[in-house]
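K.L.:
The listed protein sequences correspond, in order, to chains A and B.
Per my numbering, residue 1359 is the first one in the first sequence, and the count goes up by one each step.
Per my numbering, residue 1168 is the first one in the second sequence, and the count goes up by one each step.
We put the CB at the ideal spot given by N, CA and C, even for glycine.
Nothing here was measured: the structure is a model prediction, and the numbers come from that model.
Once you've had a glance at the structure underneath, I'll fire off some questions.
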Amino acid sequence: MTALFGKRKKFSLRHQPGFTSIAMACFVLLYAPIIILVIYSFNEGRYIAVWEGFSLQWYIAAWNNEAVIDATLRSLLLAFLAALISTVVATMAAIGTTRTSPYRGLTSIHTLINQPLIVPEIVTGVALLIVFAAVKVATGFQGFFYLVLAHAAFCIPFAYLPIRARLEGMDKTLETAAADLYASRWMTFRRITLPLLWPGILAGAMLAFVISLDNVVITEFVKSAGQETLPTYMLGQLRRVITPEINAISTVLLLISLLVVSLYFIVTRKRT
Amino acid sequence: MASDQLRKGEVRRNWLLSTPALIILLSAASGPLLVVLVYSFLTPGEYGGVVWQFSWDAWISVIFERDIFDDTISIADAHLTILWRSVSLSLMTTVVTFILGFPTAYFIATRPPQNRNLWLFLITIPFWTNLLIRTFAVLEVIRNEGVINTALIAMGIIETPIQILYTDTAIMIGMTYVYLPLMVLPIYASMERLNFNLVEAAYDLYATRLKVLWRVIVPLVKPGIVAGSILVFVPSLGTFVTPRVLGGGKKLMLSNLIELQFGSGRNWPLGAALSITLLAMVMVALIIYIRTTQRDQATSK
């Protein structure tokens, strides 16, 4: 056989024909649309596909667009609050459910915490629309609170997972030693558990932040009039002619996500 | 006795620690789902909302429609078309992401260990960037004035743009693009633990490359394949943004039909019944998944 085909490369156990090409195609396909989106945010013309020269005018247009700035600030505040709340309660829940002997209800707690990962967003959105609409009518209160509560809820499992993972990898000897030396529960938590757990908590908070910033479906159903976030604003723009202004906004939002995700990887990597 | 009391105290402390999270989840995630179930058995209000009167109508109209003139009941073609589109497009997306994702996971798993994290990072990054933005990016590539059509026309291959946007194909391309990392990651996780001595043994026994792939590698990484398929299929079934942006309101999927009932359709009970239907479909997929993994674990023991 080998003689028939002439010189042949050394036989590789791992080689499968075509796999490398498909993999390369995947990487190109994953990045090409995003790169094109970013490139055209610098386009001078008003159409997305025709390149008319470099310009920052769409960034300036977005910056001067009050609706965009308003939505951006609301998105960031919402993501910050949702990440803060979900991380605090997820940390507590992680401590209450990890490194403990099994007790009645532990499985139910796990199921409840992971439930937002399973239920389709549209179903949660509809459910919150129904419930919050009734509450809004009953109380007359239309505020930002509903969005914060909704976002905090679906962020909990994302904050919980890295914290729990970190906690599982910590052994109890240090805490036991502290307790043996008459440190109070709170002291042990403050001086031993919390510092050791901190990378997990940071990772959970960043994940929650990105997930909240990303959300469009649940927000769309929960928001009251005048409570646009950046993603719902962008979705609304679809009905009009799309200009590169959308690309400029997207590029900025991409940068924010990328920054947070890179931080996340740095924080989680350091733990080993 | 003393240790019993200690243990009781510990359990109570654990419950107290979980309570704030549970309150938030029950009030803004799990609890409202029960309300949806209740609403699906009520009568629609004239301007949206509901009238508190029991009715099966919403559930009947998930699949059937009542003729306005003679009250006869027939199968609702429109709803079935949308249900079928949701299921078939999700299945097709799962297959395509597998065809693309399996070789990609294999590629990453066969890199030298110190390079694997970089490739993995490259797969993960798009996954953490905004879903809406990624869908917009696809929109700009495939639309009539988009990059593909403009390039093809400039090269003289076609004269009029190919209409991809607002078709089922567009939705499938979008979902494949968005969910591909969800297929690659679990397959990679299985593949990383693959013992290549088994592959070597198969070659020693004169297996061809294709045989090694299908009879050795695929069965060994099957848990990853099943997990990846579920991770792609389940969110595809409930996807909302992709058909909204790339289907342009013409090609609806289940979630868009649900939204319609709460908007211009003004039929909240039907929307609620459709939501429960979607949730039930997701549950069925998950139960099948759990059954398969349990059976596999049982047989491998």
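With which residues is Gly-1215 of chain B paired in a DSSP beta bridge?
P.N.:
Sequence index remark: in the second sequence, residue 1215 of chain B carries index 48 (1-based). Per the DSSP secondary-structure output, Gly-1215 of chain B pairs in a beta bridge with B:Glu-1213.
K.L.:
Out of curiosity, what's the CA-to-CA distance linking Trp-1219 of chain B and Pro-1436 of chain B?
P.N.:
Your numbering for residue 1219 of chain B matches position 52 in the second sequence. Your numbering for residue 1436 of chain B matches position 269 in the second sequence. Their Cα atoms are separated by approximately 11 angstroms.
K.L.:
Closer than 8 angstroms by C-beta to Phe-1407 of chain B: which residues in its own chain qualify, once you throw out the five before and the five after it? Chain order, please.
P.N.:
Stepping through the second sequence from its first residue, residue 1407 of chain B is reached at position 240. So the qualifying residues of the chain are Met-1420, Ser-1422, Asn-1423, Glu-1426.
K.L.:
To the nearest whole angstrom, what separates the beta carbons of Leu-1369 of chain B and Val-1379 of chain B, a pair I think is in contact under 8 angstroms?
P.N.:
Here residue 1369 of chain B refers to the residue found at position 202 when the second sequence is read from its first residue. Here residue 1379 of chain B refers to the residue found at position 212 when the second sequence is read from its first residue. The amino acid occupying residue 1369 of chain B in the given sequence is Ala; Leu does not appear at that position. At roughly 5 angstroms, the Cβ-Cβ gap stays under 8 angstroms, so Ala-1369 of chain B and Val-1379 of chain B are in contact.
K.L.:
Is Val-1203 of chain B near Ala-1439 of chain B, with beta carbons less than 8 angstroms apart?
P.N.:
For this step, residue 1203 of chain B is matched to residue 36 along the second sequence. For this step, residue 1439 of chain B is matched to residue 272 along the second sequence. Result yes, Cβ atoms of Val-1203 of chain B and Ala-1439 of chain B sit closer than 8 angstroms.
K.L.:
So what's Ile-1401 of chain A in DSSP terms, helix, strand or just coil?
P.N.:
Reading the first sequence from its first residue, position 43 is the one you call residue 1401 of chain A. The question names Ile, yet the displayed sequence has Asn at residue 1401 of chain A. It is a strand residue.
K.L.:
Establish whether the CB of Ile-1455 of chain B and some CB of chain A are separated by less than 8 angstroms.
P.N.:
Within the second sequence, numbered from 1, the residue matching residue 1455 of chain B stands at position 288. It does not; no Cβ of chain A falls within 8 angstroms.
K.L.:
How big is the Cα-Cα spacing for Ile-1397 of chain B and Pro-1520 of chain A?
P.N.:
Here residue 1397 of chain B corresponds to residue number 230 of the second sequence, with the count starting at 1. Here residue 1520 of chain A corresponds to residue number 162 of the first sequence, with the count starting at 1. Approximately 22 angstroms, taken between the alpha carbons.
K.L.:
Taking three-plus beta-carbon pairs below 8 angstroms as touching, is the stretch 1273-1282 of chain B in contact with the stretch 1332-1341 of chain B?
P.N.:
no
K.L.:
Below 8 angstroms between beta carbons: does that hold for Tyr-1622 of chain A and Ala-1561 of chain A?
P.N.:
As a first step, residue 1622 of chain A is located in the first sequence; it is residue number 264 there, counting from the start. As a first step, residue 1561 of chain A is located in the first sequence; it is residue number 203 there, counting from the start. Contact: yes.
K.L.:
With a cut-off of 8 angstroms, does the C-beta of Thr-1375 of chain B fall near any C-beta of chain A?
P.N.:
Counted from its first residue, the second sequence places residue 1375 of chain B at position 208. No, no contact with chain A.
K.L.:
For the stretch 1529-1548 of chain A and the stretch 1606-1618 of chain A, state whether three or more C-beta atom pairs, one from each stretch, are separated by less than 8 angstroms.
P.N.:
no
K.L.:
Measuring straight from C-alpha to C-alpha, what distance separates Pro-1478 of chain A and Gly-1405 of chain B?
P.N.:
To locate residue 1478 of chain A, count along the first sequence from 1; it is residue 120. To locate residue 1405 of chain B, count along the second sequence from 1; it is residue 238. The straight-line gap from Cα to Cα measures roughly 5 angstroms.
K.L.:
Buried or exposed: which applies to Leu-1372 of chain B, given that a residue is buried once 16 or more other Cβ atoms fall within 10 Å of its Cβ?
P.N.:
Residue numbering aside, residue 1372 of chain B sits at position 205 when the second sequence is read from its first letter. Exposed: under 16 other Cβ atoms inside 10 Å.
K.L.:
Using only the alpha-carbon positions, how far apart do Val-1652 of chain A and Ile-1480 of chain A sit?
P.N.:
With chain A represented from 1359 up to 1630, any question about residue 1652 of chain A goes unanswered, as that position is not in the structure.
K.L.:
I want to verify the contact list: residues of chain B whose CB lies under 7 angstroms from the CB of Ile-1380 of chain A, in sequence order.
P.N.:
If you number the first sequence from 1, residue 1380 of chain A lands on position 22. Those within 7 angstroms of Ile-1380 of chain A in chain B are Leu-1267, Pro-1270, Thr-1271.
K.L.:
Which partner residues of Arg-1233 of chain B appear in the DSSP bridge assignment?
P.N.:
The count along the second sequence starts at 1 and reaches residue 1233 of chain B at position 66. B:Ile-1240, per the DSSP bridge assignment.
K.L.:
Tell me whether Phe-1363 of chain B sits in a helix, a strand or coil according to DSSP, three-state version.
P.N.:
Here residue 1363 of chain B corresponds to residue number 196 of the second sequence, with the count starting at 1. Helix at Phe-1363 of chain B.
K.L.:
Consult DSSP for Phe-1412 of chain A and reduce its assignment to one of helix, strand or coil.
P.N.:
Mapped onto the first sequence, residue 1412 of chain A falls at position 54. Phe-1412 of chain A falls in the strand class under three-state DSSP.
K.L.:
Pick out whichever of A:Gln-1415, A:Ala-1425, A:Ala-1390 has its Cα sitting closest to the Cα of Asn-1401 of chain A.
P.N.:
In the first sequence, residue 1401 of chain A corresponds to position 43, counting from 1. It is A:Gln-1415.
K.L.:
For my contact list, Ile-1514 of chain A and Ile-1576 of chain A are in at a C-beta cut-off of 8 angstroms; report their separation, rounded to the angstrom.
P.N.:
As a working mapping, residue 1514 of chain A is identified with position 156 in the first sequence. As a working mapping, residue 1576 of chain A is identified with position 218 in the first sequence. The pair is not a contact, with the Cβ atoms about 13 angstroms apart (cut-off 8 angstroms).
K.L.:
Please list the terminal residues of the continuous alpha helix (DSSP H) segment that includes Leu-1487 of chain A.
P.N.:
Reading the first sequence from its first residue, position 129 is the one you call residue 1487 of chain A. Note, Leu-1487 of chain A: alpha helix (DSSP H), 1479-1497.
K.L.:
Comparing the C-beta of Ala-1188 of chain B with each C-beta of chain A, is any distance below 8 angstroms?
P.N.:
For the purposes of this step, residue 1188 of chain B is identified with residue 21 of the second sequence, where counting begins at 1. Interface annotation, Ala-1188 of chain B: in contact with chain A, CB-CB separation under 8 angstroms.
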